[in-house]
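Residue numbers (the UniProt record's numbering): 1 to 582.
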């Protein structure tokens, strides 16, 4: 921290308060400065227009304060400026050490003032004392427009304390003395002049002798009076001389005293001037030392402030960079959280929507499957009833025919056997010329009454391709016929050489009606199982490898719905467990 007074922090406020006190038209007539806590930053503690009485209450024993006030000189009624430097008795010793150097800097800030007061307690800042100091500092003691003009005393070298020595008026003193003693009586106070009429000259000369006695007495009285007058005049002359000697002695003593006083004053003035010169020289030396110290401290302070400013700028740049990176990271995190939240919400919405659609679809498919199963069961029931009725009718017809032909059949049993063998040969010949034959690749168990069970390796004759996936044929033994899956057999190529014709058969037996094959039911989209699968839920189906699933519906990408191998159970199954059949 710099040891100098800092005028920069609150410079505008300090200067504004100072200019307000200098301005005679401004009501503000005092200001007081103090320091910011713990620093040397000078600030405005307060201003006011209440004069020295109001300023008196602002001083604090625990502070260093500087006051500046505008007052009226009681002698001249002109504005005078007072600078008060206050160092309270309660100020810490460490702060007191800076008081003198700070006082010098603050006094330069105020530039001009008439009276400076260095105060340490309240007695030094009494308003009456300050006014008295202002009056004493004004030099000539006069008032404007208060008393009549009077003659100015003679100016002496020490005019500030000179008092004119009054020289007594000797004539006045004599008049005063005469008044006190009373004027001397005229010599002729008791003299009565003789009234004589003018006489002729001759008579006048002749009358001298007659009047000799009267003239003698008159002369005696006149001489006496003259003598008394001379004595009185001599006495007055002696008195005047004595008074003059006294006055001269008094004047001499006063002149000697005035000379001694003047010499003493001149000596005191010289001492004061010498002391002032020494003080100025000391102050100048101290000022130079202080200025050098101030410059050194200022340079150090500037260097410290420069380094501090650079450090603050560096720290500020680092802080701004950290803050920017933090804001960017927070913004990225916020955007990522918002994106994740939107995606999560979208996934939840899609999942709920998918579950809703799946549920609705499963319910719909379940209802449709149940409806199909119901319709299928009803159709199967009707078909079964119809087959049973047809079977009963056929059995009745056959029974009737059997009864009619019973005797013929019994008689011609051998012929029947021959006819059967001939029929087999005829069937083989017909296959070679008019029908297709195929060899069974996989075994197949008939699931319906109109289907035919296949045995691996056997030959199927008279094949009729009634449907893309299902064919109709006759077993190689001629005892079975019906529908079978086309992908379970392989067509045989027609032989180039035909077998020789069999001998003509015996007369044929009466024709026996053959049941008309039932057209194959539409199984919809079908698939063959690639792996075994056991149902994990009530709405799923189970199957074994190579079993057929029919009436497949593609409810989703991973799960399909169809009719199980038993032909009645409808449910879901994994799509990757089967292979579609085209």
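We put the beta carbon where it would ideally sit given N, CA and C, even for glycine.
* Asked: Do the CB positions of residue 21 and residue 68 come within less than 8 Å of each other?
  -> yes
* Asked: What is the DSSP secondary structure of residue 72, counted as helix, strand or coil?
  -> strand
* DSSP-derived helix/strand/coil call for residue 218 -> The answer is helix: DSSP assigns residue 218 an H, G or I state.
* Backbone secondary structure at residue 130 - three-state DSSP -> helix
* **C-alpha distance - residue 283 paired with residue 101, whole-angstrom precision** => 11 Å
* Exposed or buried, what is residue 392 when buried is set at 16 or more other beta-carbons lying within 10 Å of its beta-carbon? -> exposed
* Does the Cβ of residue 349 have 16 or more other Cβ atoms within 10 Å, making it buried, or fewer, making it exposed? -> With fewer than 16 other Cβ atoms from the protein chains shown falling within 10 Å of its own Cβ, residue 349 counts as exposed.
* Whole-angstrom Cβ separation of residue 524 and residue 541, contact assumed at under 8 Å? -> That belief does not hold up - the Cβ atoms of residue 524 and residue 541 are roughly 15 Å apart, past 8 Å.
* Contiguous beta strand (DSSP E) assignments of at least 3 residues, all confined to the region 16-92 -> Listed in chain order, the beta strand (DSSP E) elements of length 3 or more contained wholly in the region 16-92 are 30-35, 42-48, 64-72 and 79-87.
* May I ask you to report which of helix, strand or coil DSSP gives residue 459? => In this structure, DSSP gives residue 459 an extended state, which the three-state scheme calls strand.
* Straight-line Cα distance separating residue 17 from residue 44 -> 8 Å
* **Rounded straight-line distance, which links the Cα of residue 82 to that of residue 114** => 6 Å
* Can you list, in chain order, the residues of its chain whose CB lies under 6 Å from that of residue 118, leaving out five sequence neighbours each side? -> If we look at residue 118 and ignore the five residues flanking it on each side, its Cβ neighbours are 85.
* Test item: CB-CB of residue 528 and residue 548 under 8 Å -> yes
* To do: List the whole-angstrom C-beta distance separating residue 105 from residue 19, where the pair is believed to meet the contact cut-off of C-beta under 8 Å.
  => About 19 Å separates the beta carbons of residue 105 and residue 19, which is beyond the 8 Å limit, so they are not a contact pair.
* To do: Could you check which residue in 560, 570 and 568 has the C-alpha nearest to that of residue 577?
  => Relative to the Cα of residue 577, the nearest Cα in the group 560, 570 and 568 belongs to 560.
* Which residues does DSSP pair with residue 550 in a beta bridge? -> 563
* Asked: Where residue 426 and residue 471 are concerned, what is the direct C-alpha to C-alpha distance, given to the nearest angstrom?
  -> Because residue 426 carries a pLDDT of 47, less than 50, the predicted location of this residue cannot be relied on, and the following value inherits that uncertainty. Distance between the alpha carbons of residue 426 and residue 471: 22 Å.
* To do: Check residue 107 in the structure and name its three-state DSSP category.
  => helix
* Name the DSSP bridge partner or partners of residue 116? -> 83
* The beta strand (DSSP E) with residue 491 in it runs from where to where? -> First-last of the beta strand (DSSP E) with residue 491: 489-491.
* Could you check what DSSP says for residue 475 in three-state terms: helix, strand or coil? => strand
* **For residue 126 and residue 59, believed in contact at Cβ under 8 Å, the rounded distance** => Rounded, the Cβ-Cβ distance is 11 Å, inconsistent with contact.
* Asked: Where do the ends of the beta strand (DSSP E) carrying residue 572 lie?
  -> 570-574
* **Contact set for residue 381: own chain, Cβ-Cβ below 6 Å, skip 5 residues either direction** => Short of 6 Å from the beta carbon of residue 381, and not among the five residues preceding or following it, lies no beta carbon of its own chain.
* Asked: Does the Cβ-Cβ distance between residue 48 and residue 28 come in under 8 Å?
  -> yes
* Asked: Going along the chain, which residues of its own chain have a beta-carbon closer than 7 Å to the beta-carbon of residue 443, five neighbours each way excluded?
  -> 454, 455 and 456
* Asked: Just to confirm, are residue 492 and residue 438 a CB contact at a threshold of 8 Å?
  -> yes
* **Beta carbon of residue 26 nearer than 8 Å to that of residue 79** => no
* **Span of the beta strand (DSSP E), counted from its first residue to its last, around residue 556** => Careful: residue 556 lies outside any beta strand (DSSP E) and carries neither H nor E.
* Asked: Is it buried or exposed for residue 278, if we count other Cβ within 10 angstroms and need 16 for buried?
  -> exposed
* To do: Using only alpha-carbon positions, find the residue among 476, 362, 323 and 575 that is nearest to residue 557.
  => 575
* To do: Determine the DSSP secondary structure at residue 10, reduced to helix, strand or coil.
  => coil
* In angstroms, rounded to a whole number, what distance separates the CA positions of residue 131 and residue 287? -> Cα atoms of residue 131 and residue 287: separation of roughly 30 Å, rounded to the nearest angstrom.
* To do: Return the CA-CA distance between residue 482 and residue 347, expressed in angstroms with no decimal places.
  => 54 Å
* Asked: Which residues mark the beginning and the end of the beta strand (DSSP E) in which residue 528 is found?
  -> 526-529
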